[in-house]
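The structure appears right after this line, and notes come after that.
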Amino acid sequence: MNTPLPVTQLPVQVWAISATVQCGFPSPAEDHTQKRLDLNELLIHQPDATFFMRVRGPSMRDAGIDDGDYVVIDRSLEAKHGNVVLAVIDGEFTIKRLFRRAGRVKLQAANPTFTDIEFRDGQELIVWGVVTWTLKGLLPA
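Going by this note's numbering, the sequence shown opens with residue 9, and the numbers climb by one from there.
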């Protein structure tokens with residue numbers, strides 16, 4: 009079982025351009041200013057409750073979470089219906105979308121080849137945290 013990695017606060021800052029970019033047709037050039045973007049401020053709201061974990065498997069691909077990505081998990085957030093969560097079932101971690109309606113609770117994959125996880129009597133679901141970000145590389149490993 010993989011264990012989530014705790015976040016260590018490091019002064020990680022990168023340049024950010026104060027403009028958006030089109031992924032379709034290019035927009036005319038504008039006068040863009042630059043500022044420093046602190047990745048800790050962007051990704052981490054509760055440092056003591058935030059963890060990173062590497063994803064394995066394709067069950068959440070349609071939610072934009074792919075094999076090899078890292079997810080940012082915030083344990084301080086209350087999990088709500090529709091959130092993507094890190095859950096513990098029978099001692100194993102899994103990332104799925106939480107379904108909680110009309111007294112029913114299940115975990116849903118974001119890939120039609122995977123079935124929902126429904127719970128039997130005596131089986132325990134522990135929602136360990138809420139996934140807040142996905143970090144992915146675009147270059148081949």
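Just so it is clear, CB atoms sit at the ideal spot from N, CA and C, and this is done for glycine as well.
| Query | Result |
| --- | --- |
| Thr142 vs Asp77 beta-carbon contact at 7 Å | yes |
| Rounded separation between Leu146 and Ile103 - CA only | 21 Å |
| Alpha helix (DSSP H) segment containing Leu47, residue limits | Leu47 to Leu51 |
| Minimum C-alpha distance to Glu126 - residue among Val139, Gly137, Trp136 and Arg109 | Arg109 |
| Rounded separation between Asp129 and Leu47 - CA only | 43 Å |
| Cβ neighbour criterion (16 or more within 10 Å) applied to Gln54 | exposed |
| DSSP three-state assignment for Gly137, whether helix, strand or coil | strand |
| Top-ranked residue by Cα proximity to Phe107, from Gly137, Glu132 and Gln116 | Gln116 |
| Lys114 versus Lys43 - alpha carbon distance | 43 Å |
| Separation of Thr58 from Gln21, as counted between CA atoms | Only weak support exists for where Gln21 lies, its pLDDT of 47 falling under 50; the coordinates are left without a value. |
| CB of Val135 within 7 Å of CB of Ile81, strictly | no |
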